[in-house]
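Residue 140 in this note's numbering is what sits at position 138 of the sequence shown, and the numbering runs on without skipping anything.
In this text, a Cβ means the ideal position worked out from N, Cα and C, and glycines have one as well.
As the structure is a computational prediction, the values presented were derived from the model and not from experiment.
Below: one structure, written as structure tokens.
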Amino acid sequence: MKGRRTPPPPGPTPGTGYLADDATPPATLRLQLNALQSLSRQTFAVRLVTLTIGTPFAMANTTDGPQNHAVLLAAVLGITVSYAMLRDWGRFAPRLLAHPTLMALDLLFGAVLLLTASPASPLAYATVCTPLLSGLLYGWRGAGVLTGLQLAVLVTVHRTWEHHPGAGVSTLLIAGFCVAAGIIGVTLRNLMFRFGTATQALSEATSRLAVAEAVESERARLARELHDSVAKTLHGLALAADALAASADRPAPDPAQLRRQAGLVASAARRAATESRDLLTDLRRHTDLTTSPPADLRTELAARTADFASRTGLPARLVHTGGTPPPLPPETTHHLLAITSEALENIHRHATATAAEVSLRVTPDTLHLTIVDDGVGLPPALTLEEAQESGHFGLLGMAERADRAGAALHLGSDGTGTAVTLTLPLPAPPDGEPSTPGPPREEAAHA
Numbered sequence: 003m004k005g006r007r008t009p010p011p012p013g014p015t016p017g018t019g020y021l022a023d024d025a026t027p028p029a030t031l032r033l034q035l036n037a038l039q040s041l042s043r044q045t046f047a048v049r050l051v052t053l054t055i056g057t058p059f060a061m062a063n064t065t066d067g068p069q070n071h072a073v074l075l076a077a078v079l080g081i082t083v084s085y086a087m088l089r090d091w092g093r094f095a096p097r098l099l100a101h102p103t104l105m106a107l108d109l110l111f112g113a114v115l116l117l118t119a120s121p122a123s124p125l126a127y128a129t130v131c132t133p134l135l136s137g138l139l140y141g142w143r144g145a146g147v148l149t150g151l152q153l154a155v156l157v158t159v160h161r162t163w164e165h166h167p168g169a170g171v172s173t174l175l176i177a178g179f180c181v182a183a184g185i186i187g188v189t190l191r192n193l194m195f196r197f198g199t200a201t202q203a204l205s206e207a208t209s210r211l212a213v214a215e216a217v218e219s220e221r222a223r224l225a226r227e228l229h230d231s232v233a234k235t236l237h238g239l240a241l242a243a244d245a246l247a248a249s250a251d252r253p254a255p256d257p258a259q260l261r262r263q264a265g266l267v268a269s270a271a272r273r274a275a276t277e278s279r280d281l282l283t284d285l286r287r288h289t290d291l292t293t294s295p296p297a298d299l300r301t302e303l304a305a306r307t308a309d310f311a312s313r314t315g316l317p318a319r320l321v322h323t324g325g326t327p328p329p330l331p332p333e334t335t336h337h338l339l340a341i342t343s344e345a346l347e348n349i350h351r352h353a354t355a356t357a358a359e360v361s362l363r364v365t366p367d368t369l370h371l372t373i374v375d376d377g378v379g380l381p382p383a384l385t386l387e388e389a390q391e392s393g394h395f396g397l398l399g400m401a402e403r404a405d406r407a408g409a410a411l412h413l414g415s416d417g418t419g420t421a422v423t424l425t426l427p428l429p430a431p432p433d434g435e436p437s438t439p440g441p442p443r444e445e446a447a448h449a
């Protein structure tokens with residue numbers, strides 16, 4: 003019938019095999035199952051080695067005749083089965099897990115081995131693997147049932163061999179080993195599941211922490227971009243509008259000045275709209291700065307310095323000393339330019355300065371970027387926490403950008419001005435290439 007969903011294929015029940023009801027399995031079982039399968043295979047490997055080594059000694063201690071042949075037949079059968087399980091565990095394990103009653107065959111083999119070789123024989127210790135395997139595969143319930151049956155077999159065998167020298171001590175010793183092996187198997191099984199549960203919980207906690215850090219990082223990034231773009235532009239728009247209103251209130255306003263100030267207001271409004279559109283686009287589709295085309299740092303610094311001077315009327319210049327700046331990652335260039343713009347804007351807003359200077363100095367292994375002014379300087383002992391509490395988010399954003407760019411940020415003030423210094427280590431150039439092409443030079447771009 004159309005629209006009817008096909009029922010999923012039947013799967014293993016939660017109470018079968020590894021997923022017994024004595025241990026709560028985690029959501030992901032691959033690691034635990036692999037470990038348990040490895041331990042189960044090693045159990046058959048131990049039985050194989052025990053039978054191989056103990057068979058000659060067991061045959062040497064038995065009389066020739068049917069008993070000797072029975073011991074040899076039981077040992078060969080055990081070696082063959084152990085080798086088959088060791089080699090093809092992946093094929094036999096699902097059947098053994100789905101049908102725990104198959105372990106009765108293992109008990110039967112142990113009974114035959116004990117009856118033919120006696121509890122004092124080295125081959126008798128191969129029967130200890132049955133409780134160990136049941137504990138690994140079926141948990142407390144399976145281990146308890148199969149270990150109890152194994153002890154019942156030992157009691158029956160002891161009655162058969164009770165007149166044999168050393169049979170009582172050997173039976174008691176093997177019984178103790180069987181109980182201990184069952185407990186060890188269950189303990190290892192539960193430890194595996196608990197380790198898996200703890201690993202999954204740790205993985206989930208790490209994932210949640212990574213998501214929280216990513217969200218916090220994105221919030222900080224958006225706060226920096228808002229502060230360095232839209233908020234700054236809107237502040238400039240407000241200043242330009244105030245200046246326009248003041249000019250219009252004069253008794254004889256100059257039409258040319260009014261047109262120029264109105265043009266500044268319109269330009270700032272268009273810039274704010276463009277920056278808002280860019281931020282909205284960035285919210286919908288994060289711009290990957292690592293795939294952006296590289297920008298020339300000196301050219302961008304000169305452009306921003308000139309734009310700052312034209313907007314504010316404050317004399318500003320760019321001084322470049324040393325060689326040509328090497329190509330930097332686009333994200334690093336973006337952070338350096340944003341820090342420079344923020345420092346210049348702080349000069350305009352808070353420094354009461356008469357001039358500003360942006361200095362770019364390139365050495366073979368370091369790039370130095372300094373923005374200085376001749377204003378009133380910073381308050382004494384100003385920290386980032388105090389700046390954030392007082393509403394100066396620009397300083398906090400500068401510190402975060404410097405950290406993301408891998409640069410060291412230093413704010414200095416001697417009472418007559420402020421110096422913002424960025425020190426960025428440069429990667430070593432490839433062999434055979436100069437770190438700064440061309441001779442050192444000094445140039446100044448005035449605005």
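Scanning its chain for C-beta atoms nearer than 6 Å, with the 5 sequence neighbours on each side dropped, one finds around S172 the residues P121 and A122, in chain order. Short of 7 Å from the beta carbon of L190, and not among the five residues preceding or following it, lie these beta carbons of its own chain, in chain order: L41 and L138.
Taken in chain order, the complete alpha helix (DSSP H) segments of 4 or more residues contained in the stretch 326 to 384 are 332 to 348. Here DSSP, grouped into helix, strand and coil, assigns R161 to helix. For Q259, same chain residues with a beta-carbon under 7 Å away, outside a window of 5 residues either side, are S249 in chain order. Separation of the CB atoms of L134 and A183 is rounded to 4 Å, and the pair is thereby assigned contact status at 8 Å. In terms of Cβ geometry, L228 and A274 do not form a close pair [threshold 8 Å].
A residue is called buried when at least 16 other Cβ atoms come within 10 angstroms of its Cβ; V213 does not meet this threshold and is exposed. Of N36, T307, F111 and A225, the smallest CA-CA separation from E402 is found for A225. For the pair of segments examined, the stretch 68 to 81 was found not to touch the stretch 153 to 168: the number of CB pairs separated by less than 8 Å stays below three. Less than 8 Å separates the beta-carbon of G80 from that of L115.
Residue pairing of P427 in beta bridges, as defined by DSSP: T368. Straight-line spacing of the CA atoms in L151 and S209 works out to 47 Å. Under the three-state reduction of DSSP output, H237 falls in the helix class. The beta-carbon distance between L148 and S136, rounded to whole angstroms, is 4 Å. This is short enough to meet the 8 Å contact definition. Here DSSP, grouped into helix, strand and coil, assigns R319 to strand. Counting along the chain, the unbroken beta strand (DSSP E) around A410 starts and ends at A410 to S415. Closest option to P332, judged by alpha-carbon separation, among R319, E302 and E347: E302. Beta-carbon to beta-carbon, V130 and F59 are separated by about 17 Å, too far to satisfy the 8 Å threshold.
When DSSP states are grouped into helix, strand and coil, A254 belongs to the coil group. Here T276 carries a helix assignment [DSSP, helix/strand/coil].
Under the DSSP assignment, L299 falls in the alpha helix (DSSP H) whose first and last residues are L299 to T314.
Using a C-beta cut-off of 8 Å, the stretch 364 to 379 makes no contact with the stretch 194 to 209, since fewer than three inter-stretch Cβ pairs fall below that distance. Secondary structure note for A100: its alpha helix (DSSP H) is the uninterrupted segment W91 to A100. In the displayed model, A245 falls within a helix according to three-state DSSP. In this structure the stretch 308 to 323 lies against the stretch 355 to 362, because at least three pairs of beta carbons, one per stretch, are closer than 8 Å. Measuring C-alpha to C-alpha distances from V321 to each of V159, R363 and W142 identifies R363 as the nearest. Judged by DSSP in its simplified three-state form, A122 adopts coil rather than helix or strand. Going by C-alpha positions, Q34 is about 24 Å away from V181. Assigned with DSSP and collapsed to three states, G67 falls in coil, not helix or strand. With 16 or more other Cβ atoms inside 10 Å of its own Cβ, P327 counts as buried. Assignment of beta-bridge partners to A421 by DSSP yields V374 and G414. The beta carbons of T54 and Y127 sit no closer together than 8 Å. N348 sits buried, since 16 or more C-beta atoms from the chains shown fall within 10 Å of its C-beta.
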